[in-house]
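Residue 576 in full-length UniProt numbering sits at position 576 of the sequence shown, and the numbers go up by one each step.
For glycine and all other residues, C-beta sits at the position ideal for the given N, C-alpha and C.
The structure appears right after this line, and notes come after that.
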Amino acid sequence: MIGDNELLIALNKLETIVVVTDTEGNINYVNDAFEEKYGYSREEALGKNPRILKSGEHDSYFYKDLWNTISNGENWEGDFLNKTKSGRLIWENAKISPIITDGKIKGYIAVKEDITYKKDLEEQFHKEKFLLDELFDNAPVGVLLVKPLYSNEKFEDLIVIKANPIAAGVFNKLGIVGLTMNSFLPEYQQIYSRINELTSSKQIFELSCPSIEKYLKIRTFPLGNDRFCMYLHDITDYKNSIIALQESEHRYYSLIEDSPALIRRFNKDGLINYINSYYADYYNKTPQQVLGKNIFNLFSDKNKATFIENLNKLTIDNPIVEYQQKIELPNGEVRWQKWIDRALFDITGNIVEYQSVGMDFTKLKKAEGQLESQKNQLNAIFNNSLIGIGVVNKNGNFELINSKLLELLKANSAHEDINYFNLISETSHKEAHANLKKIFSGEITTLNVQREIIKKDGSYFWGDIYVSPISIKEGKVTQMLGLIMDITERHRMEEELKASEAKLKKLNNTKDKLFSIIAHDIRNPFNAILGFSNILDRNINDFTNSEIKGFVSKIVEASEQTYKLLEDLLTWAKSQLGQLQPNPQKVNPETTINECINSLTSLAKNKNIKIQPSFASESTIYADAEMFKFVLRNLLHNAIKFSHPNATIDCKTEDIDDNYVCITVKDYGIGIRKEKVDVLFNLEQFLSTSGTAHEKGTGLGLSLSKEMIELNGGSIKVSSEVNKGSEFRLKLPRF
1 MIGDNELLIA LNKLETIVVV TDTEGNINYV NDAFEEKYGY SREEALGKNP RILKSGEHDS
61 YFYKDLWNTI SNGENWEGDF LNKTKSGRLI WENAKISPII TDGKIKGYIA VKEDITYKKD
121 LEEQFHKEKF LLDELFDNAP VGVLLVKPLY SNEKFEDLIV IKANPIAAGV FNKLGIVGLT
181 MNSFLPEYQQ IYSRINELTS SKQIFELSCP SIEKYLKIRT FPLGNDRFCM YLHDITDYKN
241 SIIALQESEH RYYSLIEDSP ALIRRFNKDG LINYINSYYA DYYNKTPQQV LGKNIFNLFS
301 DKNKATFIEN LNKLTIDNPI VEYQQKIELP NGEVRWQKWI DRALFDITGN IVEYQSVGMD
361 FTKLKKAEGQ LESQKNQLNA IFNNSLIGIG VVNKNGNFEL INSKLLELLK ANSAHEDINY
421 FNLISETSHK EAHANLKKIF SGEITTLNVQ REIIKKDGSY FWGDIYVSPI SIKEGKVTQM
481 LGLIMDITER HRMEEELKAS EAKLKKLNNT KDKLFSIIAH DIRNPFNAIL GFSNILDRNI
541 NDFTNSEIKG FVSKIVEASE QTYKLLEDLL TWAKSQLGQL QPNPQKVNPE TTINECINSL
601 TSLAKNKNIK IQPSFASEST IYADAEMFKF VLRNLLHNAI KFSHPNATID CKTEDIDDNY
661 VCITVKDYGI GIRKEKVDVL FNLEQFLSTS GTAHEKGTGL GLSLSKEMIE LNGGSIKVSS
721 EVNKGSEFRL KLPRF
């Protein structure tokens, strides 16, 4: 039988930790492994409670469960996280059992194994598994874990046992885990044919999948147990790019070969390594006759020197040079060529090759010569034209102007800023803007207007302007051409002709109206004269002196009326012929007024009308004496005509200021309606009138009176009120 000492020695030799406590939990024994693991000496541990090892990891319920278990005589087993004397944490797997003697619990023994390393491994495993899962789920490519399905030991299909989200996206299908590949990928047979290689070694291959419209690059490696992992790379864009590049290269080659341009390539030594078909045909050579030849030997000495000089200009910063050259073909034909030479560099920046692209522009060169000749001719026509020519933009600015237009505008230079709207009056701007808008919008294609053009010195001329669009870009008019001719003299003559025509028409209308009235009005006085004369001639002895005197008075009145009509008509005729010219002189108004009153005495006496003259001073006027007398006599005659019998007429003079004298004729007769006052002096509007005794009148006298007064530097005004009379005021210059 083993003794106690031997047992203690054995316990101390154990690598597991052994702790013995009494029923209160106080430590009675610890072995050497305890001291080694926890750092407490045996002396420090004895009598202490195991709680000195608590790390704080476990709550009170954990310890309560442990204590209840062992107190009931049962074994407890579990993991502890304890703390050493130095504070280091140790994971332990402990088994605690009660020590029972004679049916009573005498204490407890705990046997504990340090499982810290195992716990660390587990934690590391979980971390790595988590990382692997994260890498799997978040891999930028599709990842599948698959294994073969067998039926009667014969391969039947592949089943997906794990897939990341990208893999589902690759196949455009969610929830592929647990599905066979044949169920969602018709192109599965291409994988099926490789099953032996897939389960035994790494494989890389591409798979075209029309069913999902994709190209896949697949990498696989075996996992054992017939399982393998598949990496799915969606290379659709890459494949499409390759296809597009191939198509582009084919198009490029076709373009180069079919291009109507001269294309060649040559190395640094000048050896030609490529020419296109057009180049060979142009020089009437086959490609075999040109390839491998030295390009420098194809030029004349002059062109060769220029060619080498251009090549030497090429650098990585300036890889292109353009130039023209004149060549002579083997058949002696002279041609013009335009070339673009480009240097091609390697990754170190050294020139490895040259490419030249050229075109024959002989026809264009000839056309340029013809155009230059035509341009010179047009410039000569433009600058020597007798018509002003200008090119105008949509803002009205002249962008080009010829010498004649500069001369018309009195402008100094073609470079001077000239705007169309500054050449016309502001009243024409609105119409001009509207016309320009129509031209530049394409609404109209031609425009012809005549208007005053303001020169640079402020004078003006009449211009006949013809406009049309000349420059159209992208369907929009950008410029217009303007032709301007000086028609000042023609315009003056046209205006004079229009005025003459209008005046003649007006005169004819007035003449027709006037003569119709005069023919009617002059007939009545002559009827009276002839009638009374015939009565007296046949029966004069049958009448008393008083009756004869009455007949004579009627004859005189009719004669005076006829004379007045004839006098007005003759004066009007002079006016229309331009013979009514004033001869101003010193005139005494008082004398003229008295003469006119005396000449109209018999006419006034017939209606028992009294004319009352009144003179403010002895002022004299500066006027044509006969015209003044005509006007005054006409106004007094009208006053008598439109006054009632037994009335009075006032005729007076008064000084207005130091420059003018006013002569007034005022009656108290029937007056004039307002609408007739406004046209009183207009012969076209107001002709036939009748006095209070049915005296006839044409209105011609008033029209002539106004003209005569104005010819003498004066004015005539009228104020009138119906049934109260009229007042005429003459204003004439003082002598």
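{"Item": "Who are the Cβ neighbours of Asn-471 in its own chain at under 6 Å, not counting the five residues just before and after it?", "Value": "Note that residue 471 is Ser in the sequence shown here, rather than Asn. Excluding residues within five positions, the ones whose Cβ falls inside 6 Å are Thr-478 and Gln-479."}
{"Item": "If you measure between the beta carbons of residue 786 and Asn-164, is that distance less than 7 Å?", "Value": "There is no way to answer for residue 786, as the model of the chain reaches only from 1 to 735."}
{"Item": "Mapping the DSSP letters down to three states, classify residue 748 as helix, strand or coil.", "Value": "Because residue 748 is not part of the residues shown, which for the chain are 1 to 735, the question remains open."}
{"Item": "Let me know the secondary structure DSSP gives Ile-308 once reduced to three states.", "Value": "helix"}
{"Item": "Beta strand (DSSP E) containing Ser-719: first to last residue?", "Value": "715-721"}
{"Item": "Enumerate in chain order the residues of its own chain whose CB-to-CB distance from Gly-39 is below 6 Å, with the five nearest sequence positions on each side excluded.", "Value": "Thr-84, Lys-85 and Ser-86"}
{"Item": "What is the DSSP secondary structure of Val-141, reduced to helix, strand or coil?", "Value": "coil"}
{"Item": "Report the residue ranges of all beta strand (DSSP E) runs contained in full by the stretch 143-210; include only those spanning at least 3 residues, in chain order.", "Value": "154-163 and 203-209"}
{"Item": "Whole angstroms is fine: what's the gap from Lys-430's alpha carbon to Glu-443's?", "Value": "17 Å"}
{"Item": "What is the DSSP secondary structure of Gln-581, counted as helix, strand or coil?", "Value": "coil"}
{"Item": "Between the Cα of Ala-647 and those of Ile-609, Lys-674 and Ser-617, spot the shortest distance and give me the residue it belongs to.", "Value": "Ile-609"}
{"Item": "Hey, Ile-17 and Ala-33: beta-carbon distance below 7 Å or not?", "Value": "yes"}
{"Item": "Would you call the stretch 645-662 and the stretch 716-732 touching, i.e. three or more CB-CB distances under 8 Å?", "Value": "yes"}
{"Item": "Name, in chain order, the residues that DSSP records as bridge partners for Cys-596.", "Value": "Per DSSP, none; premise fails for Cys-596."}
{"Item": "Can you name the residues that DSSP bridges to Lys-78?", "Value": "In the sequence on display, residue 78 carries Gly and not Lys. BP columns for Gly-78 point to Ala-94."}
{"Item": "Rounded to a whole number of angstroms, what is the C-alpha to C-alpha distance between Asp-79 and Cys-209?", "Value": "55 Å"}
{"Item": "Name the DSSP bridge partner or partners of Pro-390?", "Value": "For the sequence presented, residue 390 should be read as Gly rather than Pro. Gly-390 is bridged to Ile-401 and Gly-482."}
{"Item": "With 16 other CB atoms within 10 Å as the buried threshold, where does Lys-13 fall?", "Value": "exposed"}
{"Item": "Go ahead and label Phe-221 buried or exposed: buried means 16 or more other beta carbons lie within 10 angstroms of its beta carbon, across all protein chains shown.", "Value": "exposed"}
{"Item": "Spatial neighbours of Lys-95 within its chain, please: CB distance less than 6 Å, with the 5 preceding and 5 following residues excluded, ordered by chain position.", "Value": "Glu-77 and Val-111"}
{"Item": "Tell me, which residues are paired with Phe-461 by DSSP?", "Value": "Ile-453"}
{"Item": "With distances taken between CB atoms, is the gap from Pro-589 to Asp-624 smaller than 7 Å?", "Value": "no"}
{"Item": "Taking the Cβ atom as the reference point for each residue, do Leu-600 and Leu-566 lie within a distance shorter than 7 Å?", "Value": "no"}
{"Item": "Specify, as a first and last residue, the run of the beta strand (DSSP E) that residue 745 falls within.", "Value": "Any answer about residue 745 is impossible in this case: the structure gives the chain only from 1 up to 735."}
{"Item": "Going straight from the alpha carbon of Thr-306 to that of Tyr-278, what length do you get?", "Value": "24 Å"}
{"Item": "DSSP three-state label for Ile-487, please.", "Value": "coil"}
{"Item": "Given Val-141, which residues of its chain have a CB within under 7 Å of its CB, disregarding the five upstream and five downstream residues?", "Value": "Ile-166, Tyr-231, Leu-232 and His-233"}
{"Item": "On a Cα-Cα basis, can you pick out the residue from Ile-27, Ile-663, Ala-45 and Pro-50 that is closest to Glu-35?", "Value": "Ala-45"}
{"Item": "Which ranges does the alpha helix (DSSP H) cover as unbroken runs of at least 4 residues, wholly within the stretch 621-649, from first to last along the chain?", "Value": "625-641"}
{"Item": "Closest to Ile-465 by C-alpha separation, out of Ile-555, Lys-338, Met-485 and Lys-455, would be which residue?", "Value": "Met-485"}
{"Item": "How is the alpha helix (DSSP H) around Glu-727 delimited, first residue to last?", "Value": "Here Glu-727 belongs to no alpha helix (DSSP H); instead the beta strand (DSSP E) covers 725-733."}
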